[in-house]
Every structure is written in structure tokens, then in C-alpha cells.
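Quick note: the sequence shown uses this note's numbering, first residue 219, plus one each step. Note sheet for the following structure.
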Amino acid sequence: MGRSPHVGVLGLQGDFAEHLHTLREIGADAIDVRRPEQLGDLDALIIPGGESTTIGKLAERYEIIPALRERIAEGMPVWGTCAGAIFMAKDVPGHPHPILSAMDISVERNAFGRQLDSFEADLTVPILGDTPVHAVFIRAPVIEAVGPDVDVLARLDDGRIVAVRERNVIATAFHPELADETRFHRLMATMATEHDDPGEGAGRRPHPTRRARNAS
Ligand code: GLN
219 MGRSPHVGVL GLQGDFAEHL HTLREIGADA IDVRRPEQLG DLDALIIPGG ESTTIGKLAE
279 RYEIIPALRE RIAEGMPVWG TCAGAIFMAK DVPGHPHPIL SAMDISVERN AFGRQLDSFE
339 ADLTVPILGD TPVHAVFIRA PVIEAVGPDV DVLARLDDGR IVAVRERNVI ATAFHPELAD
399 ETRFHRLMAT MATEHDDPGE GAGRRPHPTR RARNAS
């Protein structure tokens, strides 16, 4: 395909501007997404960090949750960072607002406590190559348990899980967009390209809106 992938960033709250900036830096067509009807035009979506309570509340108010679940079920790649990862999880004990329930993971919010509000770490992420990922954690969650179809992408030195993938969805407890780290965004752009190309990704049904767009 000749065009840049259309990668949305959910712009309801949080550090969506940093993700849009990183996406533009790598040549993706980056779109600030706030309305459910925008989802039909995307090849991939990033859900940023911020406050998962606020993101959940606003996503419900803007009626984004059903449309987003539908796009994920169709195979659209989605990546949630930090609050975005919390929003994606099926199980977040005590979470007061709606979440997407799109990934078979259990997540503990603010897992590093008050003493360690934020910290940085170099992580080994084998799918991104040998160079470690410099990861910024800010009031970060930890992924406490994963279902049978979930691959662990990265752990802290103490073994705690901080990045996972379940088919077309990825969750990271940290913020690559705050550390000049572009490899996760590049991975999303690659997954977006594969998702958009009907020749690849066997068994995937293109979204009707997307079919119309591609046909024109
Ligand atoms: N602590 C926030 C929450 O629970 C997440 C923080 C972040 O996204 N950096 O939603």
C-alpha cells in the first residue's frame, strides 16, 4: 500500500499530544480521536496515559466504548499506555468507572505506591530487538495476571509484568512517548499496515466504512 497508516490517539484526556507527536515523527498519519464515528476510518488506535477514571467516564459520555469494542473485535490494533492499559483490562479491582474490558488481564492501579510515584527503568522487550527500552513509569499500574492467550512482552527485574500483547491489542504500564522511544509506535504502524492490507491477516473482515474508503 502507498499511503501512511491512519493511527488515532484517543484524545479525551491525558498525554495524547505526545503520542500524536511521536506518530508524526515516524511518518504515520496521526489523528486526534474523540467521537465514535472517527473510529471507522482508523487503521490503529493508541489510548494514552492520564487518569483511567476520567478516561472511562468520558469514553462512556461520548459513547465510544461499544464502537471501540467492535473495532477491536474486527482486529484493529490498539495499544493502551498506563491509564490506557488500565482502561483496556477485563479486571481492575475497585475501578469506579466503565472500562473497555478488551484484554484478558488483571491490573492493579498505582501499584508502586506513594513512595515511588515515578521512576525509570531499562527493559528488555525481545519483540523490539536487543536494545533495551527506556521506560518511564508514572503512578503506574502493574499487570498482575494474564489469560492463556496473552503474551508477556516485558517484565521488571523483580518479575512483575509491565507489557503484554493479546492478538491485536497491546498494553504497557509505562510511557515510551515520554522517553524518545519510537519502537512501540513503529510496531503499531506496522500492525496498522498489515491490518489495512486485505491481502494479509487471513480471516479478517474489513470494516464497512473502511471498505467504502478503500474503494473510492
Ligand atoms: N494512576 C493513573 C490511573 O490509575 C495512571 C497514571 C498514568 O497514566 N501515568 O489511571
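By construction, the Cβ of each residue, glycine as well, lies at the ideal position given by its N, Cα and C atoms.
Between which two residues does the beta strand (DSSP E) containing residue i stretch?
{"i": "D322", "result": "321-326"}
{"i": "F439", "result": "Outside the modelled stretch of the chain, which goes from 219 to 434, sits residue 439, for which no answer is possible."}
{"i": "A246", "result": "Element bounds for A246: n/a, residue is neither H nor E."}
{"i": "T390", "result": "387-390"}
{"i": "A363", "result": "360-364"}
{"i": "F355", "result": "351-356"}
{"i": "A381", "result": "379-384"}
Less than 8 angstroms separating the beta-carbons of residue i and residue j?
{"i": "M306", "j": "G293", "result": "no"}
{"i": "D250", "j": "G229", "result": "yes"}
{"i": "I282", "j": "H403", "result": "no"}
{"i": "A372", "j": "V364", "result": "no"}
{"i": "V351", "j": "R401", "result": "yes"}
{"i": "E395", "j": "D233", "result": "yes"}
Counting along the chain, where does the alpha helix (DSSP H) carrying residue i start and finish?
{"i": "I264", "result": "Note, I264: premise wrong, no alpha helix (DSSP H); beta strand (DSSP E) at 262-265."}
{"i": "T299", "result": "Counting along the chain, T299 falls outside any alpha helix (DSSP H), though it belongs to the beta strand (DSSP E) covering 296-299."}
{"i": "G312", "result": "Looking at the DSSP string, G312 is not in any alpha helix (DSSP H), and its letter there is neither H nor E."}
Within 10 angstroms of its Cβ, does residue i collect 16 or more other Cβ (buried), or is it exposed?
{"i": "S434", "result": "In this predicted model, S434 has a pLDDT of only 38, less than 50, meaning its place in the structure is not dependable; the value taken from the coordinates is given anyway. Burial call: exposed."}
{"i": "E399", "result": "buried"}
{"i": "R431", "result": "Low confidence applies here, because R431 scores a pLDDT of 45, under 50, leaving its location unreliable and the question unanswered by this model."}
{"i": "R429", "result": "Confidence at R429 is low in this model, with a pLDDT of 44, below 50, so the placement of that residue should be treated as unreliable; the coordinate-derived value is given next. Exposed, by the Cβ-count rule."}
{"i": "E418", "result": "Low confidence applies here, because E418 scores a pLDDT of 47, under 50, leaving its location unreliable; read the following figure in that light. The residue is exposed, with fewer than 16 neighbouring Cβ atoms inside 10 Å."}
Counting Cβ pairs, one atom from each stretch, are 3 or more of them under 8 angstroms apart for the segment 353-370 and the segment 324-343?
-> yes
Hey, is the segment 389-401 in contact with the segment 342-357, meaning 3+ C-beta pairs nearer than 8 angstroms?
-> yes
Touching by the beta-carbon criterion (3+ pairs, under 8 angstroms), the segment 258-267 and the segment 221-228 = yes
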